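Undergrad: Before we start, here is the structure in question, set down as structure tokens.
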């Protein structure tokens with residue numbers, strides 16, 4: 010059988026120099042939402058981006074529908090393998106993006122080779138275990154990308170800061186590389202607030218609709234305002250968030266809203282939720298005793314001034 014024709018990845022010498030660390034071929038074992046998002050982002054360079062080389066991709070046949078969609082959208086760059094092992098055999102870098110409950114079985118059944126790069130996208134799967142299962146491959150890393158990498162507007166946490174992993178995710182948005190495992194696990198917890206972010210938007214949009222605002226308008230306005238809020242903090246420094254809170258007009262509606270949330274325990278509950286998530290990330294098991302509802306009464310050692318006191322001070326009555 011004639012060898013498969015490689016995709017056209019010709020670039021200028023400058024482009025090749027910039028992308029030296031980017032693997033020429035990347036395999037995806039587990040074609041789920043996140044793995045597909047990474048490939049979509051890498052196959053969709055920004056208009057006029059002459060410095061971005063597109064790798065050759067080989068993806069696993071499981072989740073046939075999603076694999077077929079990817080291959081149809083980017084036929085010049087994507088090949089569907091016959092098996093997971095064929096993915097490994099045909100590429101320099103293997104991305105593993107299966108469910109956490111499947112990862113041990115899937116990786117242990119694969120034969121890697123020396124010099125191969127292995128990248129896990131499985132949240133909560135330890136780097137040390139990945140390294141054990143990937144032997145004789147030694148270039149291993151773990152990454153936690155967020156879905157917007159598909160549009161090159163994502164954020165990805167990488168540990169450790171391997172050049173090949175950094176080269177994959179830097180074109181897809183913000184890439185934060187971490188050298189310390191404890192820091193990586195703590196920072197991972199922030200990505201777990203994504204559902205809370207959307208739940209708040211759903212709550213607000215539903216509140217607007219309950220007051221008669223058309224659902225389409227409620228959704229559009231809620232999404233747009235949250236995007237605007239985030240735009241002011243996306244390049245945050247150490248004092249950015251404190252400054253943005255203090256910037257809210259004294260006595261105004263914005264300050265009123267966050268103070269009401271604070272007095273009601275919203276932010277304390279968020280901290281407790283992060284602690285509970287962190288415990289699960291570190292230990293691999295949830296602890297019901299760490300639930301905010303259980304911990305709330307004992308964790309309020311410092312109480313903010315009450316909203317009534319604050320409102321009274323605005324009126325000169327306190």
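In this note's numbering, the protein residues as written are 10 to 327.
Note that CB positions come from ideal geometry on N, CA and C, so glycine has one too.
Being a predicted model, the structure only gives us computed values, none of them experimental.
I'd like the ranges of any beta strand (DSSP E) spanning at least 3 consecutive residues and lying wholly in the stretch 36–123.
TA: Listed in chain order, the complete beta strand (DSSP E) runs (minimum 3 residues) inside the stretch 36–123 are 65–68, 87–89, 102–105.
Undergrad: Tell me whether the beta-carbon of residue 79 lies closer than 7 Å to the beta-carbon of residue 106.
TA: no
Undergrad: Are the beta-carbon atoms belonging to residue 117 and residue 151 less than 7 Å from one another?
TA: Not a contact, by the Cβ cut-off of 7 Å.
Undergrad: What residue from 171, 181, 156, 248 has the CA that sits closest to residue 203's CA?
TA: 156
Undergrad: What does the alpha-carbon distance come out to for the pair residue 87 and residue 236?
TA: Cα to Cα, the separation comes out at about 32 Å.
Undergrad: In the stretch 113–172, which residue ranges form an unbroken beta strand (DSSP E) of at least 3 residues, counting only runs that do not cross its ends?
TA: 126–129, 148–154, 163–168
Undergrad: CB-CB under 6 Å to residue 67, same chain, minus the five flanking residues each way: which ones, in chain order?
TA: 36, 88, 90, 96, 99, 100
Undergrad: Going straight from the alpha carbon of residue 31 to that of residue 64, what length do you get?
TA: 8 Å
Undergrad: May I ask you to verify whether the stretch 46–53 touches the stretch 154–168, counting CB pairs closer than 8 Å and requiring at least 3?
TA: yes
Undergrad: Along the chain, where does the alpha helix (DSSP H) that runs through residue 187 open and close?
TA: That residue, residue 187, is in no alpha helix (DSSP H); it is neither H nor E in DSSP.
Undergrad: Rank 146, 104, 137 by C-alpha distance to the C-alpha of residue 124 and give the top, closest one.
TA: If we check each option's Cα against that of residue 124, 146 comes out closest.
Undergrad: Answer with buried or exposed for residue 154, where buried requires no fewer than 16 other C-beta atoms within 10 angstroms of its C-beta.
TA: buried
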